[in-house]
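Just so you know, the protein sequences line up as chains P and D, in that order.
Positions 1 to 326 (the numbering used here) are the ones given, in order, by the first sequence.
Positions 1001 to 1326 (the numbering used here) are the ones given, in order, by the second sequence.
Protein chains: 2
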Amino acid sequence: MANIQQIAKRAGVSVATVSRVLNNSNSVSSKTRSKVEEAIQELKYAPSMLGRNLRNSESRLLLVLLPSISNPFYSEIINGIQNTAIANDYHILLCETDSKPERENIYFNMVKNKLADGVISMDPTINMKKLNELYEEHPIILCSEYEEGGCIPYVTVDSELAAYQAVKHLIKLGNERIALITSDEKFLYARQRRAGYERALEEFGLPVRENLIYHTKGLDFQNGVHAMRVLLQEDNKPTAVFAVSDTLAIGALKVINMESTTPIAVVGFDNISFSSMTNPTLTTVSQPMYNMGCHAVEMLISSIKGVKVENIVLEHELIIRESTMI
Amino acid sequence: MANIQQIAKRAGVSVATVSRVLNNSNSVSSKTRSKVEEAIQELKYAPSMLGRNLRNSESRLLLVLLPSISNPFYSEIINGIQNTAIANDYHILLCETDSKPERENIYFNMVKNKLADGVISMDPTINMKKLNELYEEHPIILCSEYEEGGCIPYVTVDSELAAYQAVKHLIKLGNERIALITSDEKFLYARQRRAGYERALEEFGLPVRENLIYHTKGLDFQNGVHAMRVLLQEDNKPTAVFAVSDTLAIGALKVINMESTTPIAVVGFDNISFSSMTNPTLTTVSQPMYNMGCHAVEMLISSIKGVKVENIVLEHELIIRESTMI
DNA sequence: AATCTAATTGTAATCGATTACATTTATGTA
DNA sequence: TACATAAATGTAATCGATTACAATTAGATT
């Protein structure tokens, strides 16, 4: 594979001139420019990013951290990230942590080793202490999950408000015993969504019953199945369920379909693509995932350029489908 | 951020020695080694991949091409790819083509520009002519979809046999009118799965009815919905359906649930995680996706090292669930 | 034609590592 | 102690681009 020297030689110019053509600097006469372009064609030359990156001390790669790629919630965000990155001549390194700390180290090192110019973290399980440490030296943006009062910039939605609206919707439909399927409250979003749930109940004078609040060990379908089974054991069964994620809600839906004698309304959170394919289709809170990804990249690129960025809170929307039309 | 020179100075040695410590070459005395390690600690040094990569003319990045990240079929493959890559000190660049040719060019250029050392393509819609051209200069492995009689090495499953077994299972259950929901036959897997479908029918003396074969425009849930609606218009409705992907099958399932007066058995293909969450759960062909990913990376790394690799055909398995237990 | 300015092109340093080869130091042997 | 050999370390070239600065050329002005 040819390098810039060979192009220079072939075109009878210096490497500087070739470089100028490559970066279309304006101070090249059209005559020499075409000589160089011809040489590039003839030798099928493609400039090496390795040389360029070293010289510019940048990799033009962005690290994207997420707990698991199979969680469909992230798919749309990644789409937004990918498109925005490419539009800005960046590429992304998608990294699953699987919530394993040893993975984290590998990924953090990629940044320290200059393999990536910055990080977008979407992983709620990430080690915030280490991330903050990394932030002292490298640009980072948090996407979706963030640290309250922390200093790393974030883009997110108002989870508390969204949960409040979702539960209010269930109450307006006449439900008084509304269960909450949520995850570990070490996660900010879980605390916020629970707060919204409670605010709605309180506003309508309904009691917050601890036995209607189930904490799952994870966000998988199976966790939703298990949660719903437990909730159906209650003497006074719930008439509706709000789950903090669609995958949990879909698990609950399955159990309701199979095992419940009475209909139970369900609301999820995220509006993953499968939520419109379930039976019944799922009422859920839609986050502007694609946009969230776009904003995250724009913020990160700004940070890389040294521009200070502001946090962004995007709008959500309650999508009403069959699961609350019983 | 410190560089190797500063470490050398601090430790009172030459850069060569520092480099030897970094790459734990054995010809360093333990005394100097600890001096160097101390300096590394003190200055919080992390070697730059930019310098190393240029010198070694490698990026240790692998390009992974897939049509769409939201298709859950790829999630597990990517898991396998990711883990195997990391185990070999590589990282992956996940790239969605969205089946857009202009994207292809961007990605192919990443390889030509040495940003990636090789390619794993899982995209059935990829431009094979260009890919073969790229293959002349760079290592490539095809994963899942491949080119019959082509020269690019691949890892895949026996689609024809799997389809044959799936349809045979439906026949054994007593079904005689079995529909096929398949995609465009420009894809090899579609041709192979149709061939398996026909072989099973013929073996049991059943006619291949063109009006029971529906070709979809894509692989989404909605395509399955539409296909099933059309099939239900037939005077002689099918009693069973074989779909060439789970997402299509899940779409069909939805329509059957809502609109069919008689039960219809359904078999899918891929065993995506959602196939065990549907209602009823879906009988499907399980491909060893994780393993496929692992093999693809191993083959690619071998190719990068200049070792010639053999094609691999992995075992599949028919997973019987509720959708064929009616 | 002589001079000045602007446009174009070239030279060489630089980014941060690795490594072949040269040199120094340590170790063993007679 | 002197010498041979092995181990440890250092010197400097190299990978392939970019770019500040210098040098050249072209064009304008008188």
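Where is the CB? At the ideal position from N, CA and C, for every residue including glycine.
A1179/D - containing beta strand (DSSP E), residue span: Residue mapping note: residue 1179/D aligns to position 179 of the second sequence, counting from 1. Looking at the DSSP string, the run of the beta strand (DSSP E) that includes A1179/D is I1178 to T1182.
Beta carbon of T1324/D nearer than 8 Å to that of H1091/D: Here residue 1324/D is taken as the residue at index 324 of the second sequence, counted from 1. Here residue 1091/D is taken as the residue at index 91 of the second sequence, counted from 1. Not closer than 8 Å, so no.
At least three beta-carbon pairs within less than 8 Å, the segment 1258 to 1268 of chain D to the segment 1108 to 1115 of chain D: no
Inter-residue CB distance, L328/P and L1093/D (contact presumed, cutoff 8 Å): Outside the shown range of chain P (1 to 326) lies residue 328/P, about which nothing can therefore be said.
Three-way DSSP call (helix, strand, coil) for V15/P in this model: Stepping through the first sequence from its first residue, residue 15/P is reached at position 15. In this structure, V15/P counts as helix in the three-state DSSP scheme.
Residues that DSSP places opposite A1243/D in a beta bridge: Within the second sequence, numbered from 1, the residue matching residue 1243/D stands at position 243. Answer is I1181/D, bridged to A1243/D.
Chain D contact for M228/P (CB, 8 Å cutoff): Stepping through the first sequence from its first residue, residue 228/P is reached at position 228. No, M228/P does not count as interfacial toward chain D.
Contacts that I1106/D makes with chain P (C-beta to C-beta distance below 7 Å): Walking along the second sequence from the start, residue 1106/D turns up at place 106. Residues of chain P passing the Cβ test: I86.
F1204/D (DSSP reduced to helix, strand or coil): Within the second sequence, residue 1204/D is the residue found at index 204, counting from 1. In the structure shown, F1204/D sits in coil (DSSP, three-state: anything other than H, G, I, E or B).
Enclosing alpha helix (DSSP H) for I1086/D [first to last residue]: Position 86 of the second sequence, counted from the start, is the residue given in the question as residue 1086/D. F1073 to A1087 is the extent of the alpha helix (DSSP H) around I1086/D.
Buried/exposed call for D1246/D, threshold 16 Cβ in 10 Å: Along the second sequence, read from residue 1 onward, the residue named residue 1246/D stands at position 246. So D1246/D ends up on the buried side.
DSSP three-state assignment for A1166/D, whether helix, strand or coil: Position 166 of the second sequence, counting from 1, holds the residue named residue 1166/D. Three-state DSSP puts A1166/D in a helix.
Proximal residues of chain P, C-beta to C-beta of K1114/D below 7 Å: The sequence position of residue 1114/D within the second sequence is 114, counting from 1. The answer, in chain order, is S48, M49 and L50.
Identity of the residue in T1278/D, G1268/D, K1308/D and P1238/D nearest T1284/D by Cα: By 1-based counting over the second sequence, the position of residue 1284/D is 284. That would be G1268/D, whose Cα lies nearest to the Cα of T1284/D.
Span separating the alpha-carbon of I69/P from that of I1078/D: For the purposes of this step, residue 69/P is identified with residue 69 of the first sequence, where counting begins at 1. For the purposes of this step, residue 1078/D is identified with residue 78 of the second sequence, where counting begins at 1. Distance between the alpha carbons of I69/P and I1078/D is about 8 Å.
Cut-off 6 Å between Cβ atoms - residues of its own chain near E1076/D, not counting five sequence neighbours on either side: As a first step, residue 1076/D is located in the second sequence; it is residue number 76 there, counting from the start. The residues are M1289 and Y1290.
Residue from V1021/D, L1066/D, M1299/D and T1216/D whose Cα sits closest to the Cα of P1047/D: What you label residue 1047/D is simply residue 47 of the second sequence in a count that begins at 1. For P1047/D, the nearest C-alpha among the options comes from V1021/D.
C-beta atoms of G1205/D and A1163/D nearer than 8 Å: For the purposes of this step, residue 1205/D is identified with residue 205 of the second sequence, where counting begins at 1. For the purposes of this step, residue 1163/D is identified with residue 163 of the second sequence, where counting begins at 1. Not a contact, by the Cβ cut-off of 8 Å.
Three-state class that DSSP yields for Y1146/D in the structure shown: On the second sequence, residue 1146/D is found 146 positions in, with the first residue counted as 1. It is coil, neither helix nor strand.
Backbone secondary structure at G1293/D - three-state DSSP: Counting from one through the second sequence, the residue named residue 1293/D turns up at place 293. Helix at G1293/D.
Reference K1129/D, options V1244/D, D1098/D, E1104/D and D1117/D, closest by Cα: On the second sequence, position 129 is the one that residue 1129/D refers to. For the residues V1244/D, D1098/D, E1104/D and D1117/D, the minimum Cα distance to K1129/D belongs to E1104/D.
Short Cβ contact (8 Å threshold) for D1117/D with L1065/D: Mapped onto the second sequence, residue 1117/D falls at position 117. Mapped onto the second sequence, residue 1065/D falls at position 65. No, the pair does not count as a contact, with Cβ atoms beyond the cut-off.
M1292/D versus V266/P - alpha carbon distance: Along the second sequence, one-based indexing puts residue 1292/D at 292. Along the first sequence, one-based indexing puts residue 266/P at 266. Their Cα atoms are separated by approximately 37 Å.
Stretch pair the segment 1206 to 1222 of chain D + the segment 1177 to 1188 of chain D: three plus CB contacts closer than 8 Å: yes
Closer than 8 Å to chain P by CB, S1075/D: Counting from 1 along the second sequence, the entry for residue 1075/D is found at position 75. It does; some Cβ of chain P falls within 8 Å.
Which residues DSSP lists as bridging F269/P, in chain order: In the first sequence, the residue the question calls residue 269/P occupies position 269. For F269/P, which the question treats as bridged, DSSP gives the partners V285/P.
Residue interval of the beta strand (DSSP E) (run including H91/P): In the first sequence, counting from the first residue as 1, residue 91/P sits at position 91. Note, H91/P: beta strand (DSSP E), H91 to E96.
Residues that M110/P contacts on chain D, provided the C-beta gap is smaller than 9 Å: On the first sequence, residue 110/P is found 110 positions in, with the first residue counted as 1. Simply M1049 and H1091.
8 Å Cβ cutoff met for V36/P and V13/P: What you label residue 36/P is simply residue 36 of the first sequence in a count that begins at 1. What you label residue 13/P is simply residue 13 of the first sequence in a count that begins at 1. Taking 8 Å as the Cβ cut-off, V36/P and V13/P qualify as a contacting pair.
DSSP three-state assignment for H1226/D, whether helix, strand or coil: Position 226 of the second sequence, counted from the first residue, corresponds to residue 1226/D. If DSSP states are grouped into helix, strand and coil, H1226/D belongs with the helices.
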